[in-house]
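Chemist:
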Amino acid sequence: MRENLHPASTKASVVRRLLALVRPYRGIVWLTAVLAVVLAVLAIARPKLLQVMVDDYIIVGDIAGMSRVALYIAALLLLEVVLRYIFLYYTDWVGQMIVRDLRHRVFSHVLRLNLAYFDRTPVGQSTTRTISDVEAINTVFAEGSITILADLLALAAVIGVMFYTSWKLSLVVLLVFPLLLWGSYRFKESVRKSYEKVRTHIAAMNSFLQERISGMRTIQIFNAEEQEAQKFRKINRAYTEANLRSILAYAIFFPVVDIISALSLGLMVWYGARGVLSEEVTIGTLVAFPLFISMLYRPIRMLADKFNTLQMGLIAAERIFHLLENKSVAANPGTLRPERLRGEVEFDNVWFSYTGSLEDAVLKGVSFRIEPGETLAIVGSTGSGKTTIINLLTRFYEIHSGNIRIDGQELYEYDLYALRRRMAVVLQDPFLFSGTVLENITLRDANICERRVIEAAKTIGAHDFILRLPGGYHYAVRERGQALSMGQRQLIAFVRALVFDPDILILDEATSSIDPETESVIQYAIERLIARRTSIVIAHRLSTIRHARHILVLERGEVREFGSPDELLALEGGRYRELYEKQFLPNGILEAR
Ligand SMILES: Nc1ncnc2c1ncn2[C@@H]1O[C@H](COP(=O)(O)OP(=O)(O)OP(=O)(O)O)[C@@H](O)[C@H]1O
Ligand SMILES: [Mg+2]
306 MRENLHPAST KASVVRRLLA LVRPYRGIVW LTAVLAVVLA VLAIARPKLL QVMVDDYIIV
366 GDIAGMSRVA LYIAALLLLE VVLRYIFLYY TDWVGQMIVR DLRHRVFSHV LRLNLAYFDR
426 TPVGQSTTRT ISDVEAINTV FAEGSITILA DLLALAAVIG VMFYTSWKLS LVVLLVFPLL
486 LWGSYRFKES VRKSYEKVRT HIAAMNSFLQ ERISGMRTIQ IFNAEEQEAQ KFRKINRAYT
546 EANLRSILAY AIFFPVVDII SALSLGLMVW YGARGVLSEE VTIGTLVAFP LFISMLYRPI
606 RMLADKFNTL QMGLIAAERI FHLLENKSVA ANPGTLRPER LRGEVEFDNV WFSYTGSLED
666 AVLKGVSFRI EPGETLAIVG STGSGKTTII NLLTRFYEIH SGNIRIDGQE LYEYDLYALR
726 RRMAVVLQDP FLFSGTVLEN ITLRDANICE RRVIEAAKTI GAHDFILRLP GGYHYAVRER
786 GQALSMGQRQ LIAFVRALVF DPDILILDEA TSSIDPETES VIQYAIERLI ARRTSIVIAH
846 RLSTIRHARH ILVLERGEVR EFGSPDELLA LEGGRYRELY EKQFLPNGIL EAR
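Mapping to our numbering: the sequence shown position 225 is 530, numbers consecutive.
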């Protein structure tokens with residue numbers, strides 16, 4: 306789960322980039338910083354006033370003066386409450402705003418990453434980046450930075466006033482401080498370690514669950530529930546243990562701080578009482594000091610924790626910036642933005658491998674050429690590289706060597722988005738999103754009106770089936786369209802492709818067989834889809850293949866045969882002919898047409 310992170314030397318740059326995120330809200334941040342200072346002063350003013358009240362008024366019996374000071378204290382308290390409310394609200398507010406901006410940026414970036422990135426990155430990682438890691442950054446702002454600053458300021462102020470009031474008593478109180486610092490450090494380290502473990506286990510749990518839930522059918526059909534539950538139990542136990550370890554750290558640390566603070570109080574009372582007797586310490590001081598002590602230890606208890614949060618936030622930030630810096634965005638140096646393409650497609654000695662090494666090349670010197678408006682059928686056994694060819698034409702991946710040309714221009718001379726606008730792809734396993742059928746067809750493109758969708762659906766022959774769905778075009782497609790049949794999903798994908806009226810249509814026919822009735826509907830749809838435009842069809846149906854102008858037989862990444870259906874059929878001992886005879890003749894599909 307944890308990828309290589311930059312060395313610590315880049316911490317400064319992480320902080321710099323975090324600060325850049327704050328820039329739009331710097332007014333509010335300044336406000337909170339000022340409030341932090343004011344609150345620190347207000348907090349120490351109260352015990353100080355208490356001391357004054359005791360020494361200057363109560364002891365001398367000045368009731369009126371005492372009431373006046375009590376009134377000041379009450380007013381200060383009120384002011385503090387109001388200011389603290391503003392302070393708390395706005396430190397969190399800044400955190401939320403930054404998280405909102407950042408989350409948007411991360412997702413926009415993820416949207417533009419090329420497919421090779423998704424091949425090597427688990428889905429869970431991308432979702433963790435956009436959700437929980439960004440959330441962790443929130444704590445940097447909400448619980449980290451400014452609040453830590455506020456706590457430190459308050460600490461400094463308390464210590465300052467304590468020394469000002471009575472430096473001897475202060476020294477006695479601070480006698481146990483080194484012990485406290487050492488304890489805090491041990492605690493911080495222990496919590497950090499267990500927190501890292503917790504995060505690793507959470508990530509493991511997330512990706513485990515995600516995968517099992519997506520693959521639930523496979524689990525249930527093979528009765529693998531027990532094994533999976535067993536595996537989950539193990540992951541769950543490790544997660545709980547990691548959590549318990551951090552709880553243990555808290556359980557030890559908080560009482561220890563309490564003991565140290567009690568020790569400090571005890572020392573103070575012992576020494577202070579002696580001081581009062583020898584008239585070195587005033588009674589007011591003796592009243593004020595316990596308040597000082599509680600103001601000293603409370604923030605210290607929180608500080609160690611907050612430093613951890615800050616550190617975790619920084620690690621999360623580092624991961625996010627790492628993702629934002631990821632250069633796996635499809636390079637787009639091309640400038641050609643034609644309104645329409647004629648649709649001439651040429652592959653010229655194209656080599657490609659998914660891994661980048663030609664040792665496992667998937668396409669090995671593939672060449673072919675089709676003219677505008679022609680249909681090319683690609684056939685070949687599974688894994689021969691058919692889908693890969695369309696992955697390259699749509700620039701999902703970049704070729705290793707050779708050339709791909711459209712209308713005589715190299716693929717990379719085109720602006721990626723302009724190019725894709727003129728192409729449509731229907732994938733082997735059409736993907737539907739949650740939303741209405743209409744939204745799935747237009748992909749929320751506001752330029753496509755419902756009338757055009759209906760027209761396209763009628764052309765394809767999908768209109769009737771869509772109307773039969775409850776709600777028709779507004780039928781709510783649930784999670785990935787699981788409630789629709791494969792054939793239905795395909796028809797919707799066809800309408801989607803037609804509505805975009807592409808100049809080059811790419812169709813990866815589903816391998817799964819469907820019932821004869823749907824088959825004929827889909828056949829009709831395909832014929833309408835590929836009419837009058839350049840089409841590349843990875844074909845499994847003989848009817849599609851026979852209607853094609855050219856057939857390309859692919860074998861282990863190489864073009865074995867290329868020609869018209871009749872030419873290839875006439876080839877004595879040809880691969881297509883063999884395929885034709887073996888695959889299509891015996892089961893009588895040919896006769897059926
Ligand atoms: N994203 C990927 N990363 C790495 N290797 C891949 C990837 N996609 C496909 N391959 C490999 O490339 C080869 C060709 O795959 P491709 O999907 O092009 O086959 P295909 O001809 O479309 O097969 P099918 O008829 O089963 O759809 C296979 O050996 C496959 O393992
Ligand atoms: Mg395929």
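For every residue, glycine included, the Cβ atom is placed at its ideal position computed from N, Cα and C.
Is the beta carbon of Val646 sitting closer than 7 Å to the one on Asp712?
Modeler: Counted from its first residue, the sequence shown places residue 646 at position 341. Counted from its first residue, the sequence shown places residue 712 at position 407. Note that residue 646 is Leu in the sequence shown, not Val. Result yes, Cβ atoms of Leu646 and Asp712 sit closer than 7 Å.
Chemist: Is the number of C-beta pairs between the segment 852-867 and the segment 689-701 that are closer than 8 Å three or more?
Modeler: yes
Chemist: Nearest-angstrom Cα distance between Ser825 and Gln733?
Modeler: Looking up residue 825 in the sequence shown gives position 520. Looking up residue 733 in the sequence shown gives position 428. Straight-line Cα distance between these residues: approximately 18 Å.
Chemist: How many whole angstroms separate the CB atoms of Val842 and Leu812, which I take to be in contact at a CB cut-off of 8 Å?
Modeler: Reading the sequence shown from its first residue, position 537 is the one you call residue 842. Reading the sequence shown from its first residue, position 507 is the one you call residue 812. Yes, Val842 and Leu812 are in contact; Cβ-Cβ is about 5 Å, under 8 Å.
Chemist: Count the C-beta pairs between the segment 382-402 and the segment 617-629 that are closer than 8 Å, then say yes if the count reaches three, no if not.
Modeler: no
Chemist: Spatial neighbours of Thr614 within its chain, please: CB distance less than 7 Å, with the 5 preceding and 5 following residues excluded, ordered by chain position.
Modeler: Residue 614 sits at position 309 when you count from the first residue of the sequence shown. Around Thr614: Thr444, Glu448 and Gly449.
Chemist: In the DSSP output, which residue or residues are listed as bridge partners for Met728?
Modeler: For the purposes of this step, residue 728 is taken as residue 423 along the sequence shown, with counting starting at 1. Answer is Ile809.
Chemist: Would you tell me roughly how many angstroms separate the C-alpha atoms of Ile704 and Leu420, rounded to the nearest one?
Modeler: Locating residue 704 in the sequence shown gives position 399, where the first residue counts as 1. Locating residue 420 in the sequence shown gives position 115, where the first residue counts as 1. Cα to Cα, Ile704 sits roughly 13 Å from Leu420.
Chemist: If we call anything under 7 Å between Cβ atoms a contact, is Arg838 one with Thr764?
Modeler: Here the question's residue 838 lines up with position 533 in the sequence shown. Here the question's residue 764 lines up with position 459 in the sequence shown. Not in contact: Arg838 and Thr764 (Cβ atoms no closer than 7 Å).
Chemist: Quick one: Cα of Arg603 to Cα of Ser475, how far?
Modeler: Taking the sequence shown and counting its residues from 1, one reaches residue 603 at position 298. Taking the sequence shown and counting its residues from 1, one reaches residue 475 at position 170. If I take the Cα positions, the gap works out to 17 Å.
Chemist: List in chain order the residues whose CB is within less than 5 Å of at least one heavy atom of ligand 1.
Modeler: Asp424, Tyr659, Val667, Thr687, Gly688, Ser689, Gly690, Lys691, Thr692 and Thr693
Chemist: With 16 other CB atoms within 10 Å as the buried threshold, where does His409 fall?
Modeler: Mapped onto the sequence shown, residue 409 falls at position 104. Looking at its Cβ environment, which holds fewer than 16 other Cβ atoms inside 10 Å, His409 is exposed.
Chemist: Quick one: Cα of Ile588 to Cα of Lys316, how far?
Modeler: Here residue 588 refers to the residue found at position 283 when the sequence shown is read from its first residue. Here residue 316 refers to the residue found at position 11 when the sequence shown is read from its first residue. For Ile588 and Lys316, the gap between their C-alpha atoms comes out near 49 Å.
Chemist: Within the same chain, show all residues whose beta-carbon is closer than 7 Å to that of Glu814, passing over the 5 residues directly before and after it, in chain order.
Modeler: Within the sequence shown, numbered from 1, the residue matching residue 814 stands at position 509. Answer for Glu814: Val842, Ile843, Ala844, His845, Arg846 and Thr849, listed in chain order.
Chemist: As a quick exercise: from Lys353, Asp367 and Tyr330, pick the residue whose alpha carbon is nearest that of Val404.
Modeler: Counted from its first residue, the sequence shown places residue 404 at position 99. Out of Lys353, Asp367 and Tyr330, Tyr330 has the C-alpha closest to the C-alpha of Val404.
Chemist: Considering only their Cβ atoms, is the gap separating Val800 from Ile746 smaller than 7 Å?
Modeler: Working through the sequence shown from its first residue, we reach residue 746 at position 441. Working through the sequence shown from its first residue, we reach residue 800 at position 495. It is a contact, given that the beta carbons lie within the stated cut-off.
Chemist: For the 8 Å Cβ check, are there 3 or more pairs between the segment 532-546 and the segment 566-574?
Modeler: no
Chemist: Counting only the same chain and skipping the five closest in sequence on each side, list residues whose C-beta sits under 6 Å from that of Asp470.
Modeler: The residue given as residue 470 occupies position 165 in the sequence shown. In the sequence under discussion, the amino acid at residue 470 is Thr, which differs from the Asp named in the question. Shown here for Thr470: same chain residues with a beta carbon closer than 6 Å to its own, the five before and five after excluded, namely Thr590 in chain order.
Chemist: What does the Cβ neighbour count give for Arg542, buried or exposed, with the cut at 16 atoms within 10 Å?
Modeler: For the purposes of this step, residue 542 is taken as residue 237 along the sequence shown, with counting starting at 1. Arg542 comes out exposed.
Chemist: By the 10 Å Cβ neighbour count, where 16 or more other Cβ atoms means buried, how is Ala802 classified, buried or exposed?
Modeler: Here residue 802 refers to the residue found at position 497 of the sequence shown. That one is buried.
Chemist: State buried or exposed for Phe559, treating a residue as buried only when at least 16 other CB atoms are found within 10 Å of its CB.
Modeler: To locate residue 559, count along the sequence shown from 1; it is residue 254. Exposed.
Chemist: Going by DSSP in three states, Ala781 sits in which element: helix, strand or coil?
Modeler: Here residue 781 corresponds to residue number 476 of the sequence shown, with the count starting at 1. Ala781: strand per DSSP, three-state reduction.
Chemist: When you compare the segment 384-396 with the segment 338-347, are there three or more beta-carbon pairs, one atom per stretch, that lie closer than 8 Å?
Modeler: yes
Chemist: How many whole angstroms separate the CB atoms of Thr337 and Ile451, which I take to be in contact at a CB cut-off of 8 Å?
Modeler: The count along the sequence shown starts at 1 and reaches residue 337 at position 32. The count along the sequence shown starts at 1 and reaches residue 451 at position 146. Confirmed, Cβ separation roughly 5 Å.
Chemist: By the DSSP assignment, the alpha helix (DSSP H) with Phe392 in it spans what residues?
Modeler: Position 87 of the sequence shown, counting from 1, holds the residue named residue 392. Taken as a continuous stretch (DSSP letters only), the alpha helix (DSSP H) holding Phe392 covers Ile368 to Arg417.
Chemist: CA-CA distance, Tyr555 and Trp487?
Modeler: For this step, residue 555 is matched to residue 250 along the sequence shown. For this step, residue 487 is matched to residue 182 along the sequence shown. If you take the alpha carbons of Tyr555 and Trp487, they lie about 15 Å apart.
Chemist: If you drop the 5 nearest sequence neighbours on each side, which residues of the same chain put their C-beta closer than 6 Å to that of Arg307?
Modeler: Here residue 307 refers to the residue found at position 2 when the sequence shown is read from its first residue. Unreliable placement is indicated for Arg307, whose pLDDT of 40 sits below 50; the coordinate value is still reported in the next sentence. So no residue of the chain qualifies.
Chemist: Return the CA-CA distance between Asn511 and Val428, expressed in angstroms with no decimal places.
Modeler: Locating residue 511 in the sequence shown gives position 206, where the first residue counts as 1. Locating residue 428 in the sequence shown gives position 123, where the first residue counts as 1. Straight-line Cα distance between these residues: approximately 10 Å.
Chemist: Report the rounded CA-to-CA distance for Val782 versus Phe392, giving the unit in angstroms.
Modeler: Here residue 782 corresponds to residue number 477 of the sequence shown, with the count starting at 1. Here residue 392 corresponds to residue number 87 of the sequence shown, with the count starting at 1. Roughly 45 Å separates the two Cα atoms.
Chemist: Which residue marks the beginning of the alpha helix (DSSP H) containing Asn654, and which one marks its end?
Modeler: Residue 654 sits at position 349 when you count from the first residue of the sequence shown. Where Asn654 is concerned, there is no enclosing alpha helix (DSSP H), although the beta strand (DSSP E) it sits in stretches over Val650 to Phe657.
Chemist: Helix, strand or coil for Leu748, going by three-state DSSP, please let me know.
Modeler: For the purposes of this step, residue 748 is taken as residue 443 along the sequence shown, with counting starting at 1. If DSSP states are grouped into helix, strand and coil, Leu748 belongs with coil.
Chemist: Three or more beta-carbon pairs under 8 Å between the segment 597-611 and the segment 499-509, yes or no?
Modeler: no
Chemist: Determine the direct distance from the alpha carbon of Asp563 to that of Leu572, and round the result to whole angstroms.
Modeler: Position 267 of the sequence shown holds residue 572. Position 258 of the sequence shown holds residue 563. Roughly 14 Å between the two C-alpha positions.
Chemist: Measure the C-alpha to C-alpha separation of Arg700 and Asp406 and round it to an integer number of angstroms.
Modeler: Residue mapping note: residue 700 aligns to position 395 of the sequence shown, counting from 1. Residue mapping note: residue 406 aligns to position 101 of the sequence shown, counting from 1. The straight-line gap from Cα to Cα measures roughly 30 Å.
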